[in-house]
Amino acid sequence: MSKQSHDIGWKKANREGAPTRGRAAAERRKAAKAARAAVLLARMETATLSAEWDEEFHVRERARAAGVLVAEEPQPAPEPGPQSVTPTRACRHCGEPFPVQGEGRWRYCSNACRAADRPSAPPAQGSMRDRPHRTLLGSK
């Protein structure tokens with residue numbers, strides 16, 4: 324992302340004469356990110372030493388701060404509660420049962436069935452002269 328004037332780092336970068344765009348700026352941002360990760364790592368080291376916290380959590384967090392990919396532990400799946408029975412209805416076109424969602428009149432299982440069940444429109448006949456309410460100028 325390019326630095327904008329509302330970004331805090333923009334003025335600082337310009338004051339120091341540092342580039343705000345291009346490869347050099349990308350390298351600068353990468354170095355700043357590594358420095359932030361090192362600071363976070365140091366903070367977490369002191370926190371771990373000063374107070375006995377959950378060691379497994381801190382091992383994962385330290386690895387994440389150092390830039391090592393950490394496999395997330397699978398969370399236990401929540402117990403499936405009682406399933407609410409959704410009412411079903413047979414499609415008017417194909418007869419296949421489908422779940423009715425919410426209020427309203429659901430008649431078709433899909434838009435494809437709805438379109439297929441529509442009566443085909445007869446081809447338009449006549450000319451614009453037969454429709455005096457529609458003029459060639461486009462106004463009614």
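For the sequence shown, the numbering used here begins at 324 and goes up steadily by one. Ideal Cβ placement from N, Cα and C applies to all residues, glycine included. All of these numbers come straight from a predicted model, not from anything done at the bench.
- One thing to note: R385 has its Cβ within 8 Å of the Cβ of L364.
- When DSSP reads this structure, R412 sits in a beta bridge with F421.
- Judged by DSSP secondary structure, A435 falls within the alpha helix (DSSP H) whose first and last residues are N434 to D440.
- Secondary structure at T369: helix, using DSSP grouped into helix, strand and coil.
- R428 sits in coil when the DSSP states are folded into three classes, being neither helix nor strand.
- Here A435 is exposed, its C-beta having fewer than 16 other C-beta atoms within 10 Å.
- The C-beta of A341 has fewer than 16 other C-beta atoms within 10 Å across all chains shown, which makes the residue exposed.
- Taking A439 as the centre and dropping the five residues before and after it, the same chain places the C-beta of H416 closer than 7 Å to its C-beta, in chain order.
- Taking C-alpha positions only, A360 is separated from A354 by approximately 10 Å.
- The shortest CA-to-CA distance from T409 to any of P420, R441, E402 and A447 is the one to P420.
- Looking at the backbone, the Cα of A388 and that of A347 are separated by about 24 Å.
- Secondary structure of A386 (DSSP, three-state): helix.
- The beta carbon of M367 sits closer than 8 Å to the beta carbons of H381, E384, R385 and A388 from its chain, once the five residues preceding and following it are set aside; these are given in chain order.
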